[in-house]
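Here the structure is laid out as structure tokens; the discussion comes afterwards.
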């Protein structure tokens, strides 16, 4: 685990911690820890407040990005291996998908990312080798994504090999689930413009059940998650002819 990942883990656990204490815990100087915090604050993962490092509000999308960050980062790095230089991919939304977009933007060449996520578009905006196509529509403030019929209309003009999506839950009867009906409908529209739909999620989602059915098991080609996935869920996914990759 890198020092930045250790910082995220500690601040996520404690919610608020003195900068000086953080430097002592990690055995680095206060100057070094402040530089690390500056980088993490610039990325929106946490913020600083009167000598403290503080996790974002739980309603903020950045809070979800910091939660289980090290697992999500490893999942994103593994999924990035699927994407070749020069490729165009579609990325819907979610914290793990954001870290995938970051990896592609900064460590691949000539990647084009088509997304309805304003958050993702902003998150990778400074990368020089990535082209971002932001699909417009009705803006959802909390999730910072564009949804609705305009997205559906515009996305029909595209055809890509891979769509990467996040999920909010898992149900053996209903498939992969979400928490917002309009966002789920938009994700389904994006799926129709891709040859393969790939789920990126940390294993905690396999213990949750979202309120809206988002993808049937036959819709999904691959699932990337971590080794914390329950054994029965892993076995079930493989039985559905879905390739399961754990990190």
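Numbering (our numbering), first residue to last: 1 to 247.
Ideal Cβ placement from N, Cα and C applies to all residues, glycine included.
Point to revise | Residues bridged to residue 169 [DSSP beta-bridge criterion] | key: Residue 169 sits at position 169 when you count from the first residue of the chain shown. Partner(s): 177.
Point to revise | Uninterrupted alpha helix (DSSP H) stretches inside the region 81-126 (no shorter than 4 residues) | key: 95-107 and 118-123
Exercise for review: Out of 156, 150, 172 and 145, point me to the one whose CA is closest to residue 166's CA.
Suggested key: Start at 1 with the first residue of the chain shown, and residue 166 comes out as number 166. Of the candidates 156, 150, 172 and 145, the one whose C-alpha sits nearest the C-alpha of residue 166 is 145.
Check your understanding: Any idea which residues DSSP pairs residue 128 with across the strands?
Key -> Position 128 of the chain shown, counting from 1, holds the residue named residue 128. Residue 128 is not bridged to any residue.
**Study point:** Bridge partner(s) assigned by DSSP for residue 197
**Key:** Position 197 of the chain shown, counted from the first residue, corresponds to residue 197. DSSP lists 163 as partners of residue 197.
Practice item. Mind checking which residues open and close the alpha helix (DSSP H) that includes residue 42? Key: As a first step, residue 42 must be located in the chain shown, where it is residue number 42. Start and end: 30-42.
Review point. Cα separation between residue 152 and residue 134?
Key: Translated into positions along the chain shown, residue 152 becomes position 152. Translated into positions along the chain shown, residue 134 becomes position 134. Distance between the alpha carbons of residue 152 and residue 134 is about 13 Å.
**Study point:** Limits of the beta strand (DSSP E) - the one that residue 158 falls within
**Key:** As a working note, residue 158 is residue 158 in the chain shown. Unbroken run through residue 158: none, as it is neither H nor E.
Check your understanding: What first and last residue would you give for the beta strand (DSSP E) that runs through residue 140?
Key -> In the chain shown, residue 140 corresponds to position 140, counting from 1. Per DSSP, residue 140 belongs to the beta strand (DSSP E) from 138-140.
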